[in-house]
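A.B. asks: With positions in the sequence shown counted from 1, the corresponding number in the numbering used here is that position plus 36. Note that beta-carbon positions come from the ideal geometry of N, C-alpha and C, so glycine has one too. Below is one structure. I have some questions about it.
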Amino acid sequence: MVKKSKLWLEKRHKDQFHKLASKLGYRSRAAFKLLQIAEKHPLLKKGDKVLDLGAAPGGWIQAAEKIIGDKGFIYAIDVKPIQPLNLNNVKTEVLDLTSEHVASKIFDLTKGKVDVVLSDASPKFSGVLELDAYRQYYLAKKSLEIAEKTLKKGGNFLVKMLQSKELKAFKEELKIKFEKVKLIKPLASRKESSEIYVLCLNFTG
C-alpha cells in the first residue's frame, strides 16, 4: 500500500497540469478541465449565476469565477466543507447531493434560477469498474435532478460521467431536456482515466 501511494505521488509530481495548478494558485488540476471546455464551448459568460456541485476543493470555483467575473456569482456545494477562497462572489454550503429534498434546499439557497449548473462530483471509488461507473452515474442523475429544479430556461449544464453502459442512456435522456448534448474529454483529463464530461446547452425545461 505504501509503495502504491508513493508511485501515485511520483506520478502526480510529474503531471504537467498539477504543476501548473500549483504555480497559478489553483486548488486542483481540475480547474484546467473546466477552463479548456469553456474556452471551446459557450458554457459560461460574464455575469453568469453559477451552481457548482461537488465543488471541493475549489478548482472549478476558481476557474468559473475567472470567466464570469465579479458581476457573476457562484453557489458552491459539497458534502465536505470548502476552505474559504476570499472571493466576494462565492457562497459555499455543506450539503449531500444524494440527500432527500436537496434540490429544493439548493433552490432556496440560490434564491431562484441559475444560468449554469456544473457538476464535477465523484463518488468514493471501490476499484470495481462496474460499481464505480454506476456510482458516478447515480451522482450525475442527482446533479441533473438539481439542474432541472434550479436551471433557467436556456441555461447550460456540465456533468462528469464515466465511459460505461450507463452513459448512452443518460445522454439520450439529456437530449430530451437540452437542445445540444456533447461528450467531451478535455486535454487536462488523464489519458488512462475513463472520465468524460457531458456538455448540455440550452435547457428547454
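Does the structure place the region 120–128 close enough to the region 216–229 that three or more beta carbon pairs sit under 8 angstroms?
C.D. replies: No, the region 216–229 is not in contact with the region 120–128.
A.B. asks: Between TYR170, TRP96, ASP51, GLN52, which has its C-alpha nearest SER200's C-alpha?
C.D. replies: Residue mapping note: residue 200 aligns to position 164 of the sequence shown, counting from 1. SER200 has its Cα closest to that of TYR170, out of TYR170, TRP96, ASP51, GLN52.
A.B. asks: Roughly how many angstroms separate the alpha carbons of LYS116 and ASP156, rounded to a whole number?
C.D. replies: Numbered from its first residue, the sequence shown carries residue 116 at position 80. Numbered from its first residue, the sequence shown carries residue 156 at position 120. LYS116 and ASP156: Cα-Cα distance of roughly 14 angstroms.
A.B. asks: To which residues does DSSP link PHE109 through a beta bridge?
C.D. replies: As a first step, residue 109 must be located in the sequence shown, where it is residue number 73. The partner list for PHE109 (beta bridge, DSSP) reads LYS85.
A.B. asks: Let me check understanding here. Comparing Cα to Cα, which of GLU208, GLU181, VAL153 lies closest to ILE97?
C.D. replies: As a working note, residue 97 is residue 61 in the sequence shown. Closest by alpha carbon: VAL153.
A.B. asks: Within 8 angstroms, do at least three Cβ pairs link the region 189–196 to the region 131–138?
C.D. replies: Touching, no, given that fewer than three Cβ pairs across the two stretches are closer than 8 angstroms.
A.B. asks: Check whether the region 99–110 and the region 199–217 touch, using three or more Cβ-Cβ pairs below 8 angstroms as the test.
C.D. replies: The region 99–110 is not in contact with the region 199–217.
A.B. asks: Any idea if ALA205 is buried or exposed, counting beta-carbon neighbours within 10 angstroms, 16 or more meaning buried?
C.D. replies: As a position in the sequence shown, residue 205 is number 169, starting the count at 1. With fewer than 16 Cβ atoms within 10 Å of its Cβ, ALA205 is classed as exposed.
A.B. asks: Straight-line CA distance for ASP51 to LYS227?
C.D. replies: Residue mapping note: residue 51 aligns to position 15 of the sequence shown, counting from 1. Residue mapping note: residue 227 aligns to position 191 of the sequence shown, counting from 1. Their backbone Cα atoms lie some 12 angstroms apart in a straight line.
A.B. asks: Please look up how many angstroms separate the CB atoms of ILE142 and ILE113, rounded, as I've assumed it's under 8 angstroms.
C.D. replies: As a first step, residue 142 must be located in the sequence shown, where it is residue number 106. As a first step, residue 113 must be located in the sequence shown, where it is residue number 77. The pair is a contact, with the Cβ atoms about 6 angstroms apart (cut-off 8 angstroms).
A.B. asks: Cβ of VAL153 less than 7 angstroms from any chain D Cβ?
C.D. replies: The chain inventory of the structure shown lacks chain D, comprising one protein chain alone.
A.B. asks: State the start and end residues of the unbroken beta strand (DSSP E) segment that holds VAL130.
C.D. replies: Looking up residue 130 in the sequence shown gives position 94. Counting along the chain, the beta strand (DSSP E) containing VAL130 begins and ends at 126–130.
A.B. asks: Using DSSP with H/G/I as helix, E/B as strand and the rest coil, what is VAL115?
C.D. replies: Sequence index remark: in the sequence shown, residue 115 carries index 79 (1-based). Looking at VAL115 - three-state DSSP - the assignment turns out to be coil, as it is neither helix nor strand.
A.B. asks: What number of angstroms, rounded off, separates the C-alpha of LEU237 from the C-alpha of GLY95?
C.D. replies: As a working mapping, residue 237 is identified with position 201 in the sequence shown. As a working mapping, residue 95 is identified with position 59 in the sequence shown. For LEU237 and GLY95, the distance between alpha carbons rounds to 22 angstroms.
A.B. asks: What residues match up with GLU231 in a beta bridge as DSSP calls it?
C.D. replies: Looking up residue 231 in the sequence shown gives position 195. Answer is LEU198, bridged to GLU231.
A.B. asks: Determine the direct distance from the alpha carbon of GLU231 to that of ALA183, and round the result to whole angstroms.
C.D. replies: As a position in the sequence shown, residue 183 is number 147, starting the count at 1. As a position in the sequence shown, residue 231 is number 195, starting the count at 1. Their backbone Cα atoms lie some 20 angstroms apart in a straight line.
A.B. asks: Which whole runs of the beta strand (DSSP E) in the region 140–223 are 3 residues long or more, in chain order?
C.D. replies: Fully enclosed beta strand (DSSP E) runs of 3 or longer: 150–155, 187–198, 214–220.
A.B. asks: Determine which residues share a DSSP beta bridge with PHE239 and list them.
C.D. replies: The residue you call residue 239 lines up with position 203 of the sequence shown. PHE239 pairs with PHE214.
A.B. asks: Is it buried or exposed, PHE239, if we count other Cβ atoms within 10 angstroms and call 16 or more buried?
C.D. replies: In the sequence shown, counting from the first residue as 1, residue 239 sits at position 203. Answer is buried; the Cβ neighbour count reaches 16.
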